[in-house]
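Trainee: Dropping a structure here in structure tokens format, bear with me for questions.
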Amino acid sequence: MSIFQRFFGSSNDRKVKGLNSRIAKINALEPKMQALSDAELRGKTQEFKDRLAKGETLDQILEEAFAVVREASRRVLGQRHFDVQLVGGIVLHNGGIAEMRTGEGKTLVATSPTYLNALAGKGVHVITVNDYLAQLHGDWMAQVYGFLGLSTGVIVHGLSQSQRQAAYQADITYGTNNEFGFDYLRDNLVYDPSEMVQRGHNFVIVDEVDSILIDEARTPLIISGPTEDRSELYKTIDLVIKELIQDPSTYDHDEKQRQVILTEEGSEKVEELLSSGGHLDPDSAGLYDAANVSIVHHVNQALRANILYTREKDYIVRAGEVILIDEFTGRMMQGRRLSEGLHQAIEAKEGANIQPENQTLASVTIQNYFRLYTKLSGMTGTAATEAQEFGDIYKMDVSEIPTNRPVARIDEDDEVYRTEREKNASIVKQIEACYVRGQPILVGTVSIEKSEQLSELLKAHKFEHNGKTQNGIPHNVLNARYHEQEAMIVADAGVPGAVTIATNMAGRGTDIQLGGNIDIRVLKWREEQRGLGIEVTPEAAAEERLRIEADTKALKEQALAAGGLYVLGTERHESRRIDNQLRGRTGRQGDPGHSKFFLSCEDDLLRIFAGERLDAIMRTFGVQEGEAITHKWLNAAIEKAQKRVEQRNYEIRKNLLKYDDVVNDQRKAVFEQRAEFMTAADLSEIITEMRQDTVEDLVERHLPPKAYAEQWDIAGLTERVQELLGLDLPLADWAAEEGIANEEIRDRIQQAADARAAERETAISPDQMRNLEKSFLLQMIDLQWREHLMHLDHLRNVIGLRGYGQRDPLNEYKTEAFSLFEKLLVDLRQNVTRWLMTVEFQFAEPEPIAPLSGLTEVHMDPLTGENAAEMGALPDGLSAEQRQALPITALPDGWEQTGRNQVCPCGSGKKFKHCHGALI
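At position 539 of the sequence shown (counting the first as 1) the number is 555 in my numbering, and the numbers step up by one without a gap.
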């Protein structure tokens, strides 16, 4: 500490102390609030709303609102906000990040700013890390909000559209970042305003803000739809790669960068294997011929699937389905799939059911979604290490909130062993020591595989206890396989002698309370009674709760006497925050506790960054079998390695954001324009402008303003006018007239086009034409935007090569993306005009079909941050067959009963769902 800090405190100390005056005012209001009846306290909500309507600001009523919430929480939940919790609430209201230690009650902290901001009537969103916590916290805190007259909704996976709409219309809405992000994307794919679910982005509080805005921000959210089935190709390529990787010389594997590529020898062998199997184009010059681009792509993805992705670590296979595992929380990520055929390659590798590839329909990065909010705030136990990123990207300051009671936890130095076998032996001894003396211990691992290996060691361990030889140490395993029992396992993790092995998540979202969690134990008892068919009366429940409270109190005393919760880390994670989250599980609310990490030179982090050097040092100093080295300098070296990894990951996220920012303005412009078109009753003026702009573009392109008449491309113009406008005009005769200018030809074409549009409108009625104009315009926007995303994905994959030409890839990307967007606008005008001027209309009752069926939510590879997804291209011009397959509002008699997967009656040979039954 500097002398200045000793006397005046750090900038964080001064920031927090600056809020003490507001806390004093809230405390002064407490007696007044306690004197109010329940009805009078509830009436404060309407009073606040009236004052806001008259011009007061949220800041002006903050102290009173916080005092009201504190009193309501005391009456409803029996929990009174500590002063430090109110400080955290003010930080959240101001749009900052409150870093609060585990066990300080972040869930309760959020109630005050949530209530205050909900009074404005614009909705407040509270984001959690999973559906379980969203439901738990939403239901729990809804008691306080409901008592004060505010409504609460919860967004979880599997809700219907009407349920989602109701949840978003509530004053306060709980849910996960994925659900909110995907709902935003889906809202920009609907065709009727009544189908939208969200109502704007006003104020959001993000729980575990570092996990959501930092870790998950490395991957964009993608809504995608299926393409054609290529299952056999994936299986074939996988067999080739499995044979190939038997020889390590055929590929280069970079563990630091998590990349793998074929060597020259590997490429030759792949080409030989594919050629002998007849999988390469016989007319091609080799594997890397343009005709085999798709095959090369699949080969690379299969290589990555087999080398980079490990079962039980990156994914698990359940009921024939490959389910990704979140590397930061250890939980299964249901419904998320890797893009560009990588997920299908893993499915082929594991012999699982291969799902069709997807094409991108809409996407947004986590960063740009959360920057939609007028005010963004968050809370976590570990944010200080990423303060720079929060400031740079989200413009949020991190405030460290002091604990309610002093921290009594002892963090011991790391122990480093030469081999993993020696390390595991020491870990088992430490677990045995804690178990024998009755000290609860939480063991953190980095993967399911490691947690299950350790579990097997504990089961096989023999030791002396109470004069008897005991076989195996009783323990619970908490990982992605058993996430359904997470709350129950964590509830018992603080019981004396409890041994809990957790993968990465370390009980996040459910406090480990010494002696056990009373609420969870009561819930467990209720479920047991229900299973026995016994009806639980209020009297019986109250009696059982008293018994559990007494039992828990006695158990807590035993755990405290044994030293509190012992947290043991079996490996250092790439991120210091994950390690700190594990450590933070012990020492809550002033309880004693210990934490320690056991490492070996064979651990991934040390092996990749310093394994050989560290092993050489240990050999030099003669470290014996089973001995460990421990030193503060060693801790500093490990932390330095973690910082390097964190910096690399930050660069990945920052780079992803730089490129996404280029398209973000385009995305917002398209989505906003689409929303305006969807809500407008009459788009005829816009359609007329598009038709006029199309004619001008055609004339300008084929009859340049400063060109001589002899240089005009009359034949090309005649063909395009016929194709886009459906007009057969004597343009050659007009051009032969003496002294005629291109402006006059343009005006004649314009008049003819307007006349044809008027005739078509008269034939089907103005009302029908308005409906068709809106339908065609929205459908074409979606088609063009999908094609635009595809082009940007392809551009993003190759733009880095321009760096070899001494050109900045980012600037090149900006230029190319702008050109592509201009092309999108031109194509949109021309295609909408062509549809409305050339498609023949027939009307009847259409078969009811869900507008957004077959969509998939994709969260891409969190380790590489890749941003490409394969997508089917839409040609610039439509053939007669394609035009025949365009969706129309009516079907000929008898076609309505055609099954979705049957051959279309039109004779195109396509399935009905891909032809006249298609949804675009």
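C-beta atoms are modelled at their ideal positions from N, C-alpha and C, and glycine is treated no differently.
(1) Could you spell out where the beta strand (DSSP E) holding L494 opens and where it closes?
(2) With R546 and A507 assumed to form a contact (beta carbons below 8 Å), what rounded beta-carbon distance in angstroms separates them?
(3) Classify H477 as helix, strand or coil using the three-state DSSP reduction.
(4) Looking only at DSSP bridge pairs, what is T192 linked to?
(5) Work out the CA separation of L788 and V848 for me, nearest whole Å.
(6) Does the beta-carbon distance from A424 to G606 come in below 9 Å?
(7) Where do the N-terminal and C-terminal ends of the beta strand (DSSP E) with K391 fall, by residue?
(8) Which value, in whole angstroms, describes the spacing of the CA atoms of H97 and I42?
(9) I need the boundaries of the alpha helix (DSSP H) containing P608, first residue and last residue.
(10) Tell me H269's beta-bridge partners as DSSP assigns them.
(11) Using a 10 Å radius around the Cβ and a threshold of 16 neighbouring Cβ atoms, would you call Q727 buried or exposed?
(12) Taking only three categories from DSSP, how would you classify T127?
(13) Span of the alpha helix (DSSP H) holding K656?
(14) Pop quiz: T279 and D268 are said to be a contact at Cβ under 8 Å. What is the actual Cβ separation, rounded to whole angstroms?
(15) Can you say whether P8 is buried or exposed, counting buried as having 16 or more other CB atoms within 10 angstroms of its CB?
(16) Is the segment 405-415 close to the segment 705-717, with three or more CB pairs under 8 Å?
(17) Spatial neighbours of K569 within its chain, please: CB distance less than 8 Å, with the 5 preceding and 5 following residues excluded, ordered by chain position.
(18) Give the DSSP bridge partners of A424, in chain order.
(19) Check for me: the beta strand (DSSP E) holding L581 runs from which residue to which?
(20) Grab me the residues of D99's own chain with a C-beta within less than 6 Å of its C-beta, minus the 5 sequence neighbours each way, in chain order.
(21) Whole angstroms is fine: what's the gap from G154's alpha carbon to G169's?
(22) Answer with buried or exposed for G357, where buried requires no fewer than 16 other C-beta atoms within 10 angstroms of its C-beta.
(23) Please classify H481 as buried or exposed, where buried requires at least 16 other C-beta atoms within 10 Å of its C-beta.
(24) Who are the Cβ neighbours of R764 in its own chain at under 7 Å, not counting the five residues just before and after it?
(25) In whole angstroms, what is the alpha-carbon distance linking I238 and L377?
(26) The beta strand (DSSP E) that contains A114, what's its start and end?
(27) Mapping DSSP to helix, strand and coil, what is P891?
(28) Tell me whether A757 is buried or exposed, calling it buried when 16 or more other Cβ atoms sit within 10 Å of its Cβ.
(29) Taking C-alpha atoms, which residue in L799, V855, Q800 and W801 lies nearest to L743?
(30) Tell me whether D430 sits in a helix, a strand or coil according to DSSP, three-state version.
(31) Start and end of the alpha helix (DSSP H) containing A771?
(32) By Cβ distance, which residues of its chain are closer than 6 Å to I426, with the 5 residues on each side in sequence left out?
(33) Contact between the segment 219-232 and the segment 386-400: three or more CB pairs below 8 Å?
(34) Out of F64, G216 and V172, which one is the CA nearest neighbour of Q185?
(35) Nearest by alpha-carbon distance to T192: which of A233, N218, V145 and Q151 is it?
(36) With a cut-off of 8 Å on the beta carbons, I'd call L840 and Q800 a contact; round off their distance for me.
Mentor: According to the structure shown:
(1) N492 to L494
(2) Going by Cβ atoms, the distance from R546 to A507 rounds to 18 Å, so no, they are not a contact pair.
(3) coil
(4) T144
(5) 11 Å
(6) yes
(7) K391 to T396
(8) 11 Å
(9) First-last for P608: P608 to S616, but that is the beta strand (DSSP E), not the alpha helix (DSSP H).
(10) V276
(11) exposed
(12) helix
(13) K648 to T695
(14) 6 Å
(15) Since the displayed the chain opens at 17 and closes at 936, residue 8 lies outside it and no answer follows.
(16) no
(17) G531
(18) P608
(19) L581 to G585
(20) I39
(21) 7 Å
(22) buried
(23) exposed
(24) W750
(25) 8 Å
(26) I113 to E115
(27) Low per-residue confidence applies at P891: pLDDT is 29, beneath 50, and the placement is therefore not dependable, though the value from the model is reported in the following sentence. Here P891 sits in coil by DSSP.
(28) exposed
(29) V855
(30) coil
(31) N758 to I780
(32) H610
(33) yes
(34) G216
(35) V145
(36) 5 Å
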